[in-house]
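J.: Before we start, here is the structure in question, set down as structure tokens.
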Amino acid sequence: MDGHDVILSIKNLKKTFPKDDGAMVAIENFNLDVKNGDFVCILGPSGCGKTTLLRMVAGLEPLTSGSMKVKGEDIEGPGSDRGMVFQEFGLFPWRNVKKNVEFGLELKGIPSEKRAEISQKYVELVGLKGFERSYPKELSGGMKQRVGIARALANDPAVLLMDEPFGALDAQTRNQMQMELLRIWKETKKTVLFVTHSVDEAVFLADRIVVMTSRPGTVKNLWNIDLPRPRDRASSEFIALRKNILDELEVQKTGA
Ligand SMILES: Nc1ncnc2c1ncn2[C@@H]1O[C@H](COP(=O)(O)OP(=O)(O)O)[C@@H](O)[C@H]1O
Ligand SMILES: [Mg+2]
């Protein structure tokens, strides 16, 4: 891999949490290079450290040792080069769609006219034109997550971090949102780091899948997914890949 193409570089990462009788190792010996524009899915069993990993990349949680760099710079806290989309949407209920999307822009002190221009662009990109004045409680789950995506994109981050963003959605809405996300990814050319525990979702979305071990989480295997998009879940290639990755996860669950 050409060094200039690497936008996110994680080396020898370790994360421990304090515990009564010492320390609990959540993540250990984790290495990953993510190329600019890549769609990477992080897949692993519950409790393996996926959320912790994403929070560290977001700068919301300090690392214990090792290094994490975005565009060659150590991650030392939150920054507008990384945008986070949460599973439970994390919208402000007292703000309408437009005001939710403009939140990060307000923090940056961008004047209201410019904010309106930017928020309108992203509201339209995620398919919410006409809902600018709606409040979260008036929106469906899928629409709420569209707001979450628009809000993260409004800061124009280099890396979009998504923590099981479609986990709270029904199956049909989830599939629809996966296609929408791929469209948005293509249009914006963002790098995406997407956490899921659904093998199906990972195979549908990713250029690369990082399979993590159970705790302490480390990289168990990397899969390159070369299937052309849009991917056909009923194709034999898709089914075979899904089965192989599922087997890999099952093996570690049973310890076989
Ligand atoms: N703030 C915290 N304090 C103590 N332990 C934590 C904290 N956050 C996560 N953990 C522990 O770290 C491990 C990994 O958690 P998490 O990253 O949420 O896993 P995942 O998202 O893969 O389900 C779990 O055992 C969890 O209980
Ligand atoms: Mg999690």
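In the working numbering, each number is its position in the sequence shown, counted from 1, plus 39. We put the beta carbon where it would ideally sit given N, CA and C, even for glycine. These numbers were taken from a predicted model, which means no experiment stands behind them.
Which whole-angstrom value is the C-beta distance of alanine 207 and glutamine 126, which I expect to be below 8 Å?
T.: As a working note, residue 207 is residue 168 in the sequence shown. As a working note, residue 126 is residue 87 in the sequence shown. Confirmed, about 6 Å.
J.: Could you give the DSSP three-state label for tryptophan 224: helix, strand or coil?
T.: Residue 224 sits at position 185 when you count from the first residue of the sequence shown. Three-state DSSP puts tryptophan 224 in a helix.
J.: For lysine 111, tell me which candidate among Leu232, Ala197, Ala62 has the shortest Cα-Cα distance.
T.: Your numbering for residue 111 matches position 72 in the sequence shown. According to the sequence shown, residue 111 is glycine rather than lysine. The shortest Cα separation from glycine 111 among Leu232, Ala197, Ala62 belongs to Ala197.
J.: Looking at the structure shown, is glutamate 145 part of a helix, part of a strand, or coil, going by DSSP?
T.: The count along the sequence shown starts at 1 and reaches residue 145 at position 106. The answer is helix: DSSP assigns glutamate 145 an H, G or I state.
J.: Using the Cβ count rule (16 or more neighbours within 10 Å means buried), how would you classify leucine 288?
T.: The residue given as residue 288 occupies position 249 in the sequence shown. Per the 10 Å Cβ criterion, buried.
J.: Measuring straight from C-alpha to C-alpha, what distance separates leucine 200 and arginine 94?
T.: As a first step, residue 200 must be located in the sequence shown, where it is residue number 161. As a first step, residue 94 must be located in the sequence shown, where it is residue number 55. Each residue's alpha carbon lies about 9 Å from the other.
J.: Under 8 Å by Cβ, that's how I've got valine 140 and serine 119 pegged, so tell me the actual separation to the nearest angstrom.
T.: As a working note, residue 140 is residue 101 in the sequence shown. As a working note, residue 119 is residue 80 in the sequence shown. Rounded, the Cβ-Cβ distance is 14 Å, inconsistent with contact.
J.: Does DSSP put arginine 185 in a helix, in a strand, or in coil?
T.: To locate residue 185, count along the sequence shown from 1; it is residue 146. Helix.
J.: Residues in its own chain within less than 6 Å of leucine 285 by CB, not counting five upstream and five downstream?
T.: To locate residue 285, count along the sequence shown from 1; it is residue 246. The residues are Val238.
J.: Along the chain, where does the beta strand (DSSP E) that runs through arginine 247 open and close?
T.: As a first step, residue 247 is located in the sequence shown; it is residue number 208 there, counting from the start. Looking at the DSSP string, the run of the beta strand (DSSP E) that includes arginine 247 is 247-251.
J.: Measuring CB to CB, does valine 109 end up less than 9 Å from valine 96?
T.: Position 70 of the sequence shown, counted from the first residue, corresponds to residue 109. Position 57 of the sequence shown, counted from the first residue, corresponds to residue 96. Yes.
J.: Our contact map puts threonine 230 next to glutamate 203 with C-beta atoms below 8 Å; I'd like the distance itself, whole angstroms only.
T.: Residue 230 sits at position 191 when you count from the first residue of the sequence shown. Residue 203 sits at position 164 when you count from the first residue of the sequence shown. Between glutamate 203 and threonine 230 the Cβ distance is about 18 Å, and since that is not below 8 Å, they are no contact.
J.: State the start and end residues of the unbroken alpha helix (DSSP H) segment that holds alanine 297.
T.: A query on residue 297 cannot be resolved here, the shown segment of the chain reaching from 40 to 295 and no further.
J.: Please list the terminal residues of the continuous beta strand (DSSP E) segment that includes phenylalanine 56.
T.: Locating residue 56 in the sequence shown gives position 17, counting from the first residue. Taken as a continuous stretch (DSSP letters only), the beta strand (DSSP E) holding phenylalanine 56 covers 45-58.
J.: With a threshold of 16 other CB atoms inside 10 Å of the CB of glutamine 211, please say whether the residue is buried or exposed.
T.: Residue numbering aside, residue 211 sits at position 172 when the sequence shown is read from its first letter. By the 10 Å Cβ count, glutamine 211 comes out exposed.
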